[in-house]
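To keep things clear, I will list the structure first and then write my remarks on it.
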Amino acid sequence: MADVVVRFENLVKLFYEGTKREVRAVDDFSLSIERGDLITLLGPSGCGKTTSLRILAGFETATNGSVYIDEERVNDIPPQRRNTSMVFQSYGLFPHMTVLENVAYGLRVKKLHKREIVQRVAETLGLVGLEGLEKRSVAKLSGGQQQRVALCRAIITEPQVLLFDEPLSNLDAKLRKGTREQIRRIQQELGITSLYVTHDQAEAMSISDWIAVMHEGKLQQLGNAEEIYAQPANRFVADFIGEANILPAEVVSATADSVRVQLLGTEVDIVQGGEAFTSGDPVELVVRPEAVDLVEASSGDMNAVVGFSHYTGSIVQYSMILPDEQRISVQVANPIERGFLEVDQPIGLHFHRRSLRVLPVESRADA
Amino acid sequence: MKLDAYRRELRGEVRRLARDPVLLGIVGVVFLLLATFIVFPLIKVVQHSLWPQGAFQPRYFLEFFQKTYYWRPLVNSLIVGALVSLCGTVVAFVFAYGIARTNIRGKAVFRLIAMMPIVSPPFLIALAAILLLGNHGVITDALRLDWDIYGLPGLVLTETLAYFPIAFMILEGVLSKIDPSIEEAALDMGASKLRTFFTVTLPLAVPGIASAALLVFIRSLEDFGNPMVIQGRFRVLTVAIYHAAVGRYNLPLGATLAIFMLLPTLMIFVVQKYYVARRSYVTVTGKPSGIGLKTTERHIKIPILIAMSLLSGIILLMYGVVLYGSFTKLWGFDNTLTLQNYRYVFAVGGQYIWDTLKIALIATPVGGLLSIMIAYLVVRKRFIGRGAMEFISMLNFAVPGVVVGIGYVLAFNTPPVQITGTALIIILVFVFRRMPVGIRDGIAQLQQIDPAIEEASSSLGAGFFRTFTRVTLPLVAPAFLSGLVYIFVRCMTAISAIIFVVSAGWQLLTVALLYEVDQANLAAAAAYGYVIIAIVLGAIVFMRFVVGRLFKGGLAPLRGE
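If you read the sequences in order, they're chains P and D. Heads up: the first sequence begins at 70 in my numbering, then just goes up one per residue. Heads up: the second sequence begins at 64 in my numbering, then just goes up one per residue.
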């Protein structure tokens with residue numbers, strides 16, 4: 070039996086705008102977090118990820134369903150009596166207190182001895198490289214430093230669950246990368262079970278043990294970074310994670326470990342379990358821009374013409390026009406070595422068999 | 064189905080409230096207080112009007128429409144209110160435009176002068192008007208005028224001067240918060256400055272202007288001090304209520320008139336809160352919105368400057384004449400200078416000064432804490448009845464002082480709460496009369512504080528009480544302290560509700576002032592006025608010093624409402 074620390078069970082959260090309009094922020098959401106894991110809730114804004122996090126923290130009440138922490142149902146327990154700590158997007162530091170007072174706050178609530186508090190604050194600040202800044206007013210710190218003080222304040226009470234609400238979104242790009250590595254290092258060192266909310270997929274993929282992709286209040290897919298990218302469960306995940314060309318196709322035949330589809334008159338074998346498909350099914354083919362090689366015209370799976378290109382340094386991105394006028398985006402890395410293509414130049418496309426993904430066509434009503 | 068989910072949500076809230084006994088207790092106590100000291104007196108007013116002897120007998124209610132003597136004061140009040148609202152808003156707009164949107168000099172001085180009616184008893188202006196324009200007034204005598212300042216002209220003059228500062232503060236806020244890029248866009252598209260003013264600036268300010276006008280209207284309608292001094296034979300409703308209830312001790316009549324006072328003010332309140340306020344275009348963002356377009360054209364600036372100077376001159380003249388009057392032997396007859404009035408005030412009124420100070424010093428912190436507590440509950444906590452709590456506590460904003468006064472007389476001279484004649488009833492009047500402004504300011508303050516800061520506190524294990532005292536209160540402290548100054552000032556200057564609940568045992572300075580005016584002892588009245596002003600200014604300076612020492616931001620500007 071796995072050691073589950075947090076469990077959402079059929080969670081539903083409705084918000085009311087007046088008495089008329091009802092918004093389903095979280096819709097039948099279930100998820101378990103095992104001890105020591107960091108799970109990220111990833112999704113666009115309004116997908117219910119922050120609401121789920123705040124329900125776990127106790128700041129929002131669930132309309133339906135249950136939340137368990139260490140198998141105790143906590144729905145009716147106010148935030149201050151839950152052993153969770155949150156790192157807020159806006160940091161939520163107490164502006165009228167020093168670094169020491171901020172970090173020590175939770176320990177003072179627990180009425181620890183003053184000497185122990187000071188010592189533990191110093192240790193914790195040391196973890197994030199802020200040693201010696203105890204006396205500083207938090208208002209005088211840089212954004213990155215404030216963020217780390219907020220992290221210290223949250224971890225010092227050794228919570229059962231550590232919660233992150235888009236903690237890096239107020240930092241600039243360079244700082245963000247460094248801080249997320251630091252968060253991951255500390256989380257793993259201390260082995261704190263964590264729930265992390267972000268809309269930034271690179272952040273999610275680099276920091277998490279597991280990623281739960283959410284959309285419209287529902288869990289779309291739970292998997293590690295590789296799974297949600299390479300084996301998206303549905304069109305939403307395919308589209309949201311990374312860039313994807315989604316092309317209509319038809320199943321020709323399917324076996325236990327491959328699916329043959331027909332795409333614009335060409336048949337392609339794709340390495341993927343085909344149990345769910347039968348011949349003749351309309352499907353959608355997910356083609357990542359980097360999953361296509363450019364070859365001589367008429368020597369690949371399909372011919373195309375270069376529509377336009379744009380160069381961003383490490384890669385060049387082409388919009389290729391397929392025979393049926395559909396466009397497909399293709400990336401070529403290190404273009405300086407490989408050369409550039411001209412607009413209107415005919416070209417052959419070769420699909421990577423292992424990185425394509427076949428999805429059943431979703432009925433419009435679900436979308 | 065939807066209703067089911069909503070009920071479930073409510074049940075969840077009840078369960079959580081039950082788990083947070085401190086919060087539950089505080090919510091309960093607040094509701095009990097609101098019910099007792101806001102709702103109950105109003106119920107008593109209605110009860111005494113319609114069920115005077117326990118049986119339904121709306122005699123005065125019906126007679127109100129038949130007897131000119133009863134309905135005339137209401138009409139008069141509405142006439143005064145409309146005129147004062149019009150004049151006050153126009154004057155305030157000129158003042159606000161001059162300060163917010165031009166580059167004239169001496170803005171600080173103009174602002175200070177405009178604030179003077181706020182730190183003094185408003186009806187000091189009526190006293191000044193009599194000293195200047197009354198039967199033996201300076202101007203009357205000098206120009207040998209034969210006129211009567213008592214009545215409509217006097218009321219409009221004094222109330223306009225007394226209440227335009229409220230409108231001025233609203234309009235200054237509105238005009239300075241209009242995003243200059245909107246006006247720049249108009250200029251950019253080729254509109255002249257005049258056209259921009261009429262097609263962009265003014266329309267954007269309209270909700271603010273309407274708010275200001277309605278507020279001044281309410282203030283004029285419920286004004287008691289100025290009419291008491293200067294209404295003459297032009298009887299207005301507040302004074303009629305006082306005469307009915309206190310003069311003739313006809314409480315059912317007083318209560319009935321109070322209802323007719325309450326109806327228009329409540330209506331205006333509802334219009335203001337639910338119609339005008341929702342139409343506001345001015346959004347307060349944390350973003351600095353630039354310096355704003357300042358009018359620099361002389362042909363606009365100079366007329367504005369002249370108008371502002373003229374008005375400031377009148378205000379200074381009025382305060383000057385009261386100051387002068389307070390040093391004269393017998394105003395209008397023997398103008399030799401003397402200190403006898405102040406000796407009189409300290410000898411006869413010494414006890415009043417102490418009583419007033421004691422009561423103000425108790426009411427101020429109690430009212431301030433209660434206000435910020437309610438604001439905190441309303442903004443930050445979710446519990447059943449939160450909307451009702453906000454509405455009831457703001458209700459007194461719309462209830463005229465005389466109605467509150469008569470309500471307290473009716474509600475608290477018999478058990479279960481028998482406190483007539485005590486200091487407590489005066490303190491309670493102050494606390495609950497001042498709460499709406501305190502709550503509203505508190506709400507505005509709290510809304511600017513990132514909720515994450517308090518959530519961080521509770522996420523770290525701090526309960527309601529610890530979070531409130533260690534985190535919330537320190538963060539709102541500067542605003543809270545300036546709120547205290549406001550309450551204190553109002554305690555020192557208020558008259559309308561208070562005059563119903565003072566007693567031989569507990570007298571207040573404003574009441575003494577009014578008494579001296581009534582006795583035609585104008586010089587002594589003037590001296591009382593300046594004692595009040597001195598105490599108020601002392602308190603403001605002291606608080607500025609304290610807050611300036613403790614907090615970087617300093618004291619927030621004084622509120623006029």
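Cβ coordinates follow ideal geometry from the N, Cα and C atoms, glycine included.
* Rounded C-alpha distance that separates MET381(D) from LEU195(D) -> As a working note, residue 381(D) is residue 318 in the second sequence. As a working note, residue 195(D) is residue 132 in the second sequence. The C-alpha of LEU195(D) is placed about 8 Å away from the C-alpha of MET381(D).
* Asked: What number of angstroms, rounded off, separates the C-alpha of VAL480(D) from the C-alpha of PRO185(D)?
  -> Residue 480(D) sits at position 417 when you count from the first residue of the second sequence. Residue 185(D) sits at position 122 when you count from the first residue of the second sequence. Between VAL480(D) and PRO185(D), the C-alpha separation is close to 32 Å.
* Asked: On the three-pair Cβ rule with 8 Å, is the segment 106-115 of chain P touching the segment 267-277 of chain P?
  -> yes
* Asked: Since PHE163(P) meets chain D, which of its residues come closer than 7 Å, beta carbon to beta carbon?
  -> For the purposes of this step, residue 163(P) is identified with residue 94 of the first sequence, where counting begins at 1. In chain order: ILE516, VAL534.
* Asked: According to the Cβ coordinates, are GLN215(P) and TYR160(P) closer than 9 Å?
  -> Your numbering for residue 215(P) matches position 146 in the first sequence. Your numbering for residue 160(P) matches position 91 in the first sequence. It is a contact, given that the beta carbons lie within the stated cut-off.
* Asked: At which residues does the beta strand (DSSP E) containing TRP279(P) begin and terminate?
  -> Taking the first sequence and counting its residues from 1, the one referred to as residue 279(P) is at position 210. Run containing TRP279(P): 279-284, per the beta strand (DSSP E) assignment.
* List in chain order: all unbroken alpha helix (DSSP H) runs of 4+ residues lying wholly within the segment 298-344 of chain P. => 304-309
* Work out the CA separation of GLY253(D) and SER378(P) for me, nearest whole Å. => Along the first sequence, read from residue 1 onward, the residue named residue 378(P) stands at position 309. Along the second sequence, read from residue 1 onward, the residue named residue 253(D) stands at position 190. Their backbone Cα atoms lie some 41 Å apart in a straight line.
* Asked: Using DSSP with H/G/I as helix, E/B as strand and the rest coil, what is GLY464(D)?
  -> By 1-based counting over the second sequence, the position of residue 464(D) is 401. Here GLY464(D) sits in helix by DSSP.
* To do: With 9 Å as the threshold, decide whether the Cβ of ASN79(P) is near any Cβ in chain D.
  => Here residue 79(P) refers to the residue found at position 10 when the first sequence is read from its first residue. Cβ-Cβ to chain D under 9 Å: no for ASN79(P).
* Asked: Which of the residues in the segment 132-152 of chain P, read from start to end, lie with their CB under 9 Å from any CB of chain D?
  -> THR132, ASN133, ASN144, ASP145, ILE146, PRO147, PRO148, GLN149, ARG150, ARG151, ASN152
* **Any C-beta of chain P under 9 Å from that of SER183(D)** => As a working note, residue 183(D) is residue 120 in the second sequence. No, SER183(D) does not count as interfacial toward chain P.
* Any beta-carbon of chain D closer than 9 Å to the one on LYS179(P)? -> Stepping through the first sequence from its first residue, residue 179(P) is reached at position 110. Output row for LYS179(P): interface = yes.
* Asked: Quick one, which residues of the segment 92-105 of chain P are near chain D if we go by CB-CB under 7 Å, in chain order?
  -> none
* Kindly indicate the opening and closing residues of the beta strand (DSSP E) around LYS287(P). => Taking the first sequence and counting its residues from 1, one reaches residue 287(P) at position 218. Run containing LYS287(P): 287-292, per the beta strand (DSSP E) assignment.
* **Cβ distance (whole Å) where LEU97(D) is taken to contact PHE527(D) below 8 Å** => Taking the second sequence and counting its residues from 1, the one referred to as residue 97(D) is at position 34. Taking the second sequence and counting its residues from 1, the one referred to as residue 527(D) is at position 464. At roughly 19 Å, the Cβ-Cβ gap does not stay under 8 Å, so LEU97(D) and PHE527(D) are not in contact.
* **N-terminal and C-terminal residue of the alpha helix (DSSP H) that HIS38(D) is part of** => No answer is possible for residue 38(D): the residues shown for chain D start at 64 and end at 624.
* Asked: So what's PHE158(D) in DSSP terms, helix, strand or just coil?
  -> What you label residue 158(D) is simply residue 95 of the second sequence in a count that begins at 1. Helix at PHE158(D).
* Simplified DSSP assignment, three categories, for ASP241(P) -> Taking the first sequence and counting its residues from 1, the one referred to as residue 241(P) is at position 172. DSSP places ASP241(P) in coil when its eight states are reduced to three.
* **Runs of alpha helix (DSSP H) lying entirely within the segment 494-526 of chain D, each at least 4 residues, in chain order** => 514-522
* Asked: Given that THR226(P) touches chain D, what residues does it touch there, using C-beta distances under 8 Å?
  -> Position 157 of the first sequence, counted from the start, is the residue given in the question as residue 226(P). Scanning chain D for C-beta atoms nearer than 8 Å to the C-beta of THR226(P) yields LEU523, GLY524, reported in chain order.
* Check: TRP134(D) C-beta below 8 Å from any heavy atom of the ligand SAM -> Judged by which ligands are present, the structure shown has none, so any question about the ligand SAM falls away.
* Asked: Quick one: which chain D residues come within Cβ less than 8 Å of ALA126(P)?
  -> What you label residue 126(P) is simply residue 57 of the first sequence in a count that begins at 1. The answer, in chain order, is GLU518, SER522.
* Asked: If the cut is a Cβ gap below 8 Å, which residues of chain D does SER154(P) touch?
  -> Numbered from its first residue, the first sequence carries residue 154(P) at position 85. The answer, in chain order, is SER522, LEU523.
* Asked: Is it right to say PHE231(D) is buried, meaning 16 or more other beta carbons lie within 10 angstroms of its own, or is it exposed?
  -> Position 168 of the second sequence, counted from the start, is the residue given in the question as residue 231(D). Residue environment for PHE231(D): buried (at least 16 other C-beta atoms within 10 angstroms of its C-beta).
* Inter-residue Cα distance where the pair is TRP134(D) and ALA177(D) -> Sequence index remark: in the second sequence, residue 134(D) carries index 71 (1-based). Sequence index remark: in the second sequence, residue 177(D) carries index 114 (1-based). TRP134(D) and ALA177(D): Cα-Cα distance of roughly 35 Å.
* **Neighbouring residues, chain P, relative to LEU538(D) (Cβ below 9 Å)** => One-based indexing of the second sequence puts residue 538(D) at position 475. By Cβ distance, chain P contributes PHE163, PRO164, HIS165.
* Taking only the alpha-carbon atoms, compute the straight-line gap between SER368(P) and VAL337(P) and give it to the nearest angstrom. => Taking the first sequence and counting its residues from 1, the one referred to as residue 368(P) is at position 299. Taking the first sequence and counting its residues from 1, the one referred to as residue 337(P) is at position 268. Near 14 Å, if we compare the C-alpha coordinates of VAL337(P) and SER368(P).
* Asked: Once you ignore the five residues that flank ALA360(P) on each side, which residues in its own chain have a CB closer than 7 Å to its CB?
  -> Counted from its first residue, the first sequence places residue 360(P) at position 291. Cβ neighbours of ALA360(P) beyond the five flanking positions: PHE420, HIS421, SER424, LEU425.
* To do: Please state whether DSSP places VAL347(D) in a helix, a strand or coil.
  => For the purposes of this step, residue 347(D) is identified with residue 284 of the second sequence, where counting begins at 1. Its pLDDT being 41, under 50, VAL347(D) is placed unreliably in this model, and the coordinates cannot settle the point.
* Between which two residues does the beta strand (DSSP E) harbouring HIS379(P) extend? -> To locate residue 379(P), count along the first sequence from 1; it is residue 310. Counting along the chain, the beta strand (DSSP E) containing HIS379(P) begins and ends at 371-380.
* Asked: Ordered along the chain, which non-local residues of its own chain (more than five positions away) have a Cβ less than 8 Å from that of ASN79(P)?
  -> Your numbering for residue 79(P) matches position 10 in the first sequence. Result list for ASN79(P): ASP97, PHE98, SER99, ASN133, GLY134, SER135, in chain order.
* Asked: Going by beta carbon distance, what residues of the same chain come within less than 7 Å of ALA588(D), once the five residues before and after it are set aside?
  -> Along the second sequence, read from residue 1 onward, the residue named residue 588(D) stands at position 525. Here the set comprises LEU190, LEU576, GLU579, VAL580.
* Asked: Name the DSSP beta bridge partners of GLN400(P), please?
  -> The count along the first sequence starts at 1 and reaches residue 400(P) at position 331. For GLN400(P), which the question treats as bridged, DSSP gives the partners GLN386(P).
* To do: Indicate whether GLY592(D) and MET498(D) have their beta-carbon atoms separated by less than 9 Å.
  => On the second sequence, position 529 is the one that residue 592(D) refers to. On the second sequence, position 435 is the one that residue 498(D) refers to. No, they are not a contact pair.
* **With 16 other Cβ atoms within 10 Å as the buried cut-off, status of ILE490(D)** => Here residue 490(D) corresponds to residue number 427 of the second sequence, with the count starting at 1. Burial call: buried.
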